[in-house]
DNA sequence: CTACGGTCGATGACATGTCAACCACACTGT
DNA sequence: ACAGTGTGGTTGACATGTCATCGACCGTAG
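In structure tokens, the structure reads:
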């Protein structure tokens, strides 16, 4: 650990800005979502991913992978959402161990009611504040960073932690 | 709520990329930090903010404001960090209600041991992957977004939720 | 001084996320 | 068929974060 390369002025401001934006955006979006739709951000994400499939159904592990959640976390969260009637479970026809997560009619109504306001908030607080070149840069570098990070992850691991050293 | 303006292709890719990057970066940085330094990200942030002051001391509410945490959350977290010997509490000389959070010698050693590796990880997984124009864009737009969001927040509110409608 | 409304921080109850087993089933080789 | 090994999902214990409330103290007005 010799002579660490600290962040210079611009790098430090970018990094701090990123973290601060992240936090404020989270607080704001979560607040709006809870107030207007009675959903948390995780709730919204689950419903959103489900609603993007043709039949509102996904294997639990498939959903967990898409969301980058551990199966454990998703299982717990689904149990809570299920009690609220937003989703349901079905046995998987092709794999006796499997669970299929199903979007209920109520869940679909919830995401459809929440989506316009949520997208509007995302625009108002972030997207519409970006210049075209900034939006393009955001798209480019986030995907670059994601590709690198995803490459470093173990192919399958329930713990959300890659097993490399 | 008439005819919501959905995100177009580029906007949608940027927004999804942002959220995915955010999640993967969090997992990776938290993992590295835990493995190499035995600290969580919140631990690191607390220690980092404290170590940036001249004497390693901050009023609890001042620290909470800088971190955008509720006083309650910080109070709970400090109780845990205190049990591990990373920080301590002192009474505030100028305000009988107040608490001063103090970085202990052990806490200073912990942050100084953790920082080089953490900064290296931030570089490796994010900063060093950005082109100069992307870094500049990140700095610019995050600060713009933060300014807007900060302006919308009530000046003082323990709940982390602005009181506007 | 005393009353009053506000702020500081701690606390307990509860919601959420993590981690380490665990069971049931799938797959492979023999 | 049937071990042995691996995967899918659940569970319980625990760590962390949120929310409402409280006691102590501050500031100001009478």
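Chains as they are written, first to last, in UniProt numbering: chain W, 1 to 165; chain P, 1 to 165.
Using N, Cα and C, we set each Cβ at its ideal position, and we do this for glycine too.
{"query": "May I ask which residues mark the beginning and end of the alpha helix (DSSP H) holding residue 78 of chain W?", "result": "71 to 83"}
{"query": "Interface residues of chain P around residue 143 of chain W at Cβ under 7 Å?", "result": "17"}
{"query": "Report the neighbours of residue 146 of chain W on chain P: residues whose CB is nearer than 7 Å to its CB, in chain order.", "result": "17, 20, 21, 24"}
{"query": "When Cβ atoms are compared, which residues of the stretch 28 to 57 of chain P fall closer than 8 Å to chain W?", "result": "28, 31"}
{"query": "Is residue 134 of chain W buried or exposed, if buried means 16 or more other CB atoms sit within 10 Å of its CB?", "result": "buried"}
{"query": "I want to know whether the stretch 112 to 120 of chain P touches the stretch 31 to 42 of chain P - three or more CB-CB distances under 8 Å.", "result": "yes"}
{"query": "Starting from the beta carbon of residue 112 of chain P, find every residue of chain W whose beta carbon is closer than 7 Å, and list them in chain order.", "result": "The contacting residues do not exist; residue 112 of chain P stays about 11 Å from chain W at best."}
{"query": "Ignoring anything shorter than 4 residues or poking outside the stretch 31 to 69 of chain P, list the alpha helix (DSSP H) runs there in chain order.", "result": "41 to 51, 60 to 67"}
{"query": "When DSSP builds the beta bridges, which residues end up paired with residue 88 of chain P?", "result": "P/102"}
{"query": "Would you call the CB atoms of residue 50 of chain W and residue 122 of chain W closer than 8 Å?", "result": "no"}
{"query": "What is the C-beta distance between residue 85 of chain W and residue 47 of chain W, in whole angstroms, given that I count them as a contact (C-beta under 8 Å)?", "result": "No, residue 85 of chain W and residue 47 of chain W are not in contact; Cβ-Cβ is about 12 Å, not under 8 Å."}
{"query": "Taking the alpha carbon of residue 24 of chain W as the point to measure from, which residue in P/68, P/139, P/110, P/100 has its own alpha carbon closest?", "result": "P/68"}
{"query": "Please confirm if residue 126 of chain P has its CB atom under 8 Å from at least one CB of chain W.", "result": "yes"}
{"query": "Are residue 71 of chain P and residue 64 of chain P closer than 8 Å when you measure CB to CB?", "result": "yes"}
{"query": "Roughly how many whole angstroms lie between the Cα atoms of residue 18 of chain W and residue 129 of chain P?", "result": "15 Å"}
{"query": "So, for residue 139 of chain W: in the same chain, excluding its five sequence neighbours on each side, which residues have a beta-carbon less than 8 Å away from its beta-carbon?", "result": "none"}
{"query": "Once you ignore the five residues that flank residue 104 of chain W on each side, which residues in its own chain have a CB closer than 7 Å to its CB?", "result": "85, 86, 87, 88"}
{"query": "DSSP three-state call for residue 7 of chain P: helix, strand or coil?", "result": "coil"}
{"query": "So, using beta-carbon positions, are residue 60 of chain W and residue 102 of chain W closer together than 8 Å?", "result": "no"}
{"query": "So with Cβ pairs under 8 Å, would you call residue 119 of chain W a contact of chain P?", "result": "yes"}
{"query": "So for residue 139 of chain P, helix, strand or coil by DSSP?", "result": "helix"}
{"query": "Would you please verify whether the beta carbon of residue 65 of chain P is less than 8 Å from any beta carbon of chain W?", "result": "no"}
{"query": "Classify residue 107 of chain W as helix, strand or coil using the three-state DSSP reduction.", "result": "helix"}
{"query": "Can you give the Cα-Cα distance for residue 141 of chain W and residue 90 of chain P, rounded to whole angstroms?", "result": "44 Å"}
{"query": "Name the chain P residues whose beta carbon is nearer than 7 Å to that of residue 170 of chain W?", "result": "Beyond the ends of chain W as shown, which are 1 and 165, falls residue 170 of chain W; an answer cannot be given."}
{"query": "Identify which residue in P/124, P/73, P/93, P/13 has its Cα closest to the Cα of residue 152 of chain W.", "result": "P/124"}
{"query": "With a CB to CB cut of under 7 Å and the five nearest residues on each side skipped, what residues in its chain are close to residue 161 of chain P?", "result": "Residue confidence is low: residue 161 of chain P scores 38 on pLDDT, short of 50, so the model does not pin down where it sits. No coordinate-derived value is stated."}
{"query": "Can you find the residues in the same chain that come closer than 7 Å, C-beta to C-beta, to residue 92 of chain P, ignoring five residues on each side of it along the sequence?", "result": "59, 98, 99, 100"}
{"query": "With DSSP collapsed to three states, give me the class of residue 130 of chain W.", "result": "coil"}
{"query": "Anything in chain P within Cβ reach of residue 5 of chain W, meaning under 8 Å, just list it in chain order.", "result": "119, 120, 123"}
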